[in-house]
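A quick write-up on the structure given underneath.
Protein chains in written order, with the UniProt record's numbering: chain A, 1 to 458; chain B, 1 to 374.
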């Protein structure tokens, strides 16, 4: 992969070298990440050459390297409390796209990661890119299961579906114009050892907003951007309707399984019955065989449908990612409102001190009335302090305003990108569902046509 | 619901057409019961009129059956629907129960009409033609149910105590063995089919809820309205198709299977009665070899009984062949019907999903064209 990168210094700032070297671009993702966390502005404003995020698609990591999660393996290890545990490790393979088109088939680079490391990566991205709708991970535990599917995390079918989900997650991140450039993400794909320590050293956990603070902001913010309020409402609806859909789909699957499987009982009984029949025997026996085929066919059909359910689940979890962006906006806005309020109250205090009039009731005013006025020197001192504070406050308010506006701008850009992606993906998922139904119907017609022929020979 | 007046075998030779319909509830001080309208159309000379309409209740059918069994002990008299099924949640006078019973009673009378011997039975004719009071007075004459019961009780007792009848012709042992296995299998198939019906009904209920969720989703997705509405509509259509499939089961396969489940007991009874007739003969023969006196009387009796046994055997043999043929035909028809219903079901669903897919891919191609524009 390094061979590939060196040939293209003119390309956009995507660090292709090993993380030990300095990143090519000025806005190396590591720095940008940290800067973003504090200022809340998107890299769109900082990009050298001022390129907008839209045209970055061309240069996304996903176009450069092919990422697959190709295997899953059971491992034993020791957990944090030094107790033995069994977990599943997933093999991530990366291969430069270029090397394939040139006819070379170089072996992929690979490393093993477990689910908790994926979670760590995602949490890091959430904290450092709060204006981005961060792709969700596949579910931690199997939910919306219908009776035949086990809810066991070690079940091979679950592990297989999770493998696909994790691969999907990595590709989504790699296809995102902004987060694909992140250095930590790149190391996740390429550096097996020491990655966890590297992530923790960034200190991102400290930057994470507390849930309590976020909740407080949600309730107290006075003027959030209307679009974010609508977005929150939308994400609630999305979550609610997809959950409902998945629940009923599981019940439908259950019943469908029942219908098919009970037909399998015909097979055995027809066979036994055919033993006592002279003319009907052959027809019964062969019809019974087709009933067995019919009963067996449902397993593949429902396994495929599970993948469809996973596609919907991804957007169920995306709803939470949308809400996270809304929460960040509320926090920033609340912060801004508090700062403005504070500034206004300081200005008022200053004015009151200067003019000696009391506009509103204040404890200070009362105490000064009770215990006598302050000396002119004291008052001057106070006014001076306040004036300094007001000056700082005004500067802060300005930058907070900028921060707020930048956040709204870059977040909304990503939300638009997300909306397009969602519309495309969901439409495709629905089409896939239709394709599956068609396949199921065709199989059904074939089996019953065969059975009909057998019955006619009875 | 439509085509229940199935004409068996040769429609051209049929000269007796019977229908059972129009259940009506009657409430008296003592009891509540249902009567059914029995309409007969015939060209036969022995009938005074060419059309009759009478009302009969379940009790009347039971009376007819017992009269037929008495008159023809070794003929296979068709089954009546059960008196009242305790299992399940069907109430005694629920519409479902009444309809199932009505269909079975219709089948019962038509089977008798098609039977070469039973169709000319006098009690059958009276059943079809007599007014209510005429039937009541006719019923009071002649041997009642009790003598019939006695015969079967003896038959059952002898078969239990005496074991198999000695010298029972192989043919009837074979029939007995066959019926043992057949009964077992038909009962299983009956249960399996009822279970399938239940699962299909459950599927139908869930699908009914599944479709509308997609329509609900439309409310929050402007750009996906077409796709979602399309899917909702497909699911609703498949739901309807499932309903048709279920109706096919409940109208054809289930009643057919159930009739043959009931035939199991009937055949067992017929075989026992035949054995009893033979047993009577055998005991008289034994008596002859033991007794010194009354030899002539006994010999005459034995002669009569020998004739009786031969008649009974022949009647049963012929009826058995006929029953087997009917069974083969009925089972074949019933299962062919199931296969056809399923094919039709899947074809309907296929058509609806394919048309949805066409509409979506057309849209996609249009969409892609517009995206290519710089």
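Glycine is no exception: its CB is placed at the ideal position from the N, C-alpha and C atoms.
(request) Would you check whether the ligand ATP has a heavy atom nearer than 8 Å to the C-beta of residue 97 of chain A? (result) This structure simply doesn't include the ligand ATP, nor any ligand for that matter.
(request) Report the partner residues of residue 112 of chain A according to the DSSP bridge assignment. (result) A:91
(request) State the DSSP-derived secondary structure class of residue 23 of chain A, mapped to helix, strand or coil. (result) Because residue 23 of chain A sits at a pLDDT of 33, beneath the cut-off of 50, its placement in the model cannot be relied upon, and the following sentence gives the value as read from the coordinates. Residue state, collapsed to three classes: coil.
(request) Could you check if residue 15 of chain B is buried or exposed, using at least 16 other CB atoms within 10 Å of its CB as the buried criterion? (result) exposed
(message) Contact defined as beta carbons within less than 8 Å: I believe residue 346 of chain B pairs with residue 441 of chain A. What is the distance between those atoms, to the nearest angstrom?
(response) 5 Å
(message) Distance cutoff 9 Å, beta carbons only. Does residue 178 of chain B sit that close to anything in chain A?
(response) yes
(message) To the nearest angstrom, how far is the alpha carbon of residue 126 of chain A from that of residue 395 of chain A?
(response) 28 Å
(request) Please compile the residues from chain B whose C-beta is within a distance smaller than 9 Å of the C-beta of residue 449 of chain A. (result) 339 and 343
(request) Kindly list the residues whose CB is nearer than 8 Å to the CB of residue 376 of chain B, restricted to its own chain and excluding five residues on each side of it in sequence; keep chain order. (result) For residue 376 of chain B there is no data in the structure shown, the boundaries of chain B being 1 and 374.
(message) With three or more beta-carbon pairs closer than 8 Å as the criterion, would you say the stretch 195–211 of chain A touches the stretch 297–311 of chain A?
(response) no
(message) I'd like to know whether the C-beta atoms of residue 156 of chain A and residue 60 of chain A end up nearer to each other than 9 Å.
(response) no
(request) Could you tell me whether any Cβ in chain B is nearer than 9 Å to the Cβ of residue 311 of chain A? (result) no
(request) Rank A:344, A:293 and A:457 by C-alpha distance to the C-alpha of residue 444 of chain A and give the top, closest one. (result) A:293
(request) Could you tell me whether any Cβ in chain B is nearer than 9 Å to the Cβ of residue 456 of chain A? (result) yes
(message) Cβ closer than 7 Å: which chain B residues qualify as neighbours of residue 320 of chain A?
(response) Those within 7 Å of residue 320 of chain A in chain B number zero; the least Cβ separation is about 16 Å.
(message) Considering just the uninterrupted stretch of the alpha helix (DSSP H) at residue 266 of chain A, what are its terminal residues?
(response) 226–274
(request) Closer than 6 Å by C-beta to residue 329 of chain A: which residues in its own chain qualify, once you throw out the five before and the five after it? Chain order, please. (result) 228
(message) I'd like the list of long-range same chain contacts for residue 130 of chain A, defined as Cβ closer than 6 Å, with 5 residues on each side in sequence excluded.
(response) 328
(request) Would you list, in chain order, the members of the stretch 252–267 of chain B that have their beta-carbon closer than 9 Å to a beta-carbon of chain A? (result) none
(request) Report buried or exposed for residue 69 of chain A, applying the criterion of at least 16 other Cβ atoms within 10 angstroms of its Cβ. (result) buried
(request) Compare the C-beta of residue 231 of chain B with all C-beta atoms of chain A and state if any pair is closer than 9 Å. (result) yes
(request) In angstroms with no decimal places, state the Cα-to-Cα distance between residue 72 of chain B and residue 271 of chain A. (result) 35 Å
(message) Contact between the stretch 230–242 of chain A and the stretch 203–211 of chain B is defined here as three or more beta-carbon pairs at a separation below 8 Å; is this criterion met?
(response) no
(request) Whole angstroms is fine: what's the gap from residue 258 of chain B's alpha carbon to residue 287 of chain A's? (result) 21 Å
(request) Measure the CB-CB distance between residue 36 of chain B and residue 62 of chain B and report whether it falls below 9 Å. (result) no
(request) Please list, in chain order, all residues of the same chain as residue 112 of chain A whose beta carbon is under 6 Å from its beta carbon, the five residues on each side excluded. (result) 89 and 91
(request) Taking all protein chains shown into account, decide if residue 212 of chain B is buried (16 or more other Cβ within 10 angstroms of its Cβ) or exposed. (result) exposed
(request) Evaluate residue 275 of chain B with the Cβ neighbour count: other Cβ atoms within 10 Å of its Cβ, from every protein chain shown; 16 or more gives buried, anything less gives exposed. (result) buried
(message) Using a 10 Å radius around the Cβ and a threshold of 16 neighbouring Cβ atoms, would you call residue 473 of chain A buried or exposed?
(response) Outside the displayed range of chain A (1 to 458) lies residue 473 of chain A, so it cannot be described from this structure.
(request) Tell me whether residue 84 of chain B sits in a helix, a strand or coil according to DSSP, three-state version. (result) coil
(message) Using DSSP's beta-bridge definition, name the partner residues of residue 86 of chain A.
(response) A:76
(request) Have a look at residue 47 of chain B and residue 332 of chain B and give me their C-alpha separation to the nearest angstrom. (result) 35 Å
(request) Output the distance between the C-alpha atoms of residue 237 of chain B and residue 243 of chain B, rounded to the nearest integer angstrom. (result) 10 Å
(message) Rounding to the nearest angstrom, what Cα-Cα distance links residue 415 of chain A and residue 132 of chain A in this structure?
(response) 8 Å
(message) Please report the distance separating the alpha-carbon of residue 272 of chain B from that of residue 102 of chain B.
(response) 30 Å
(message) Rounded to the nearest angstrom, what separates residue 413 of chain A and residue 420 of chain A at their Cα positions?
(response) 11 Å
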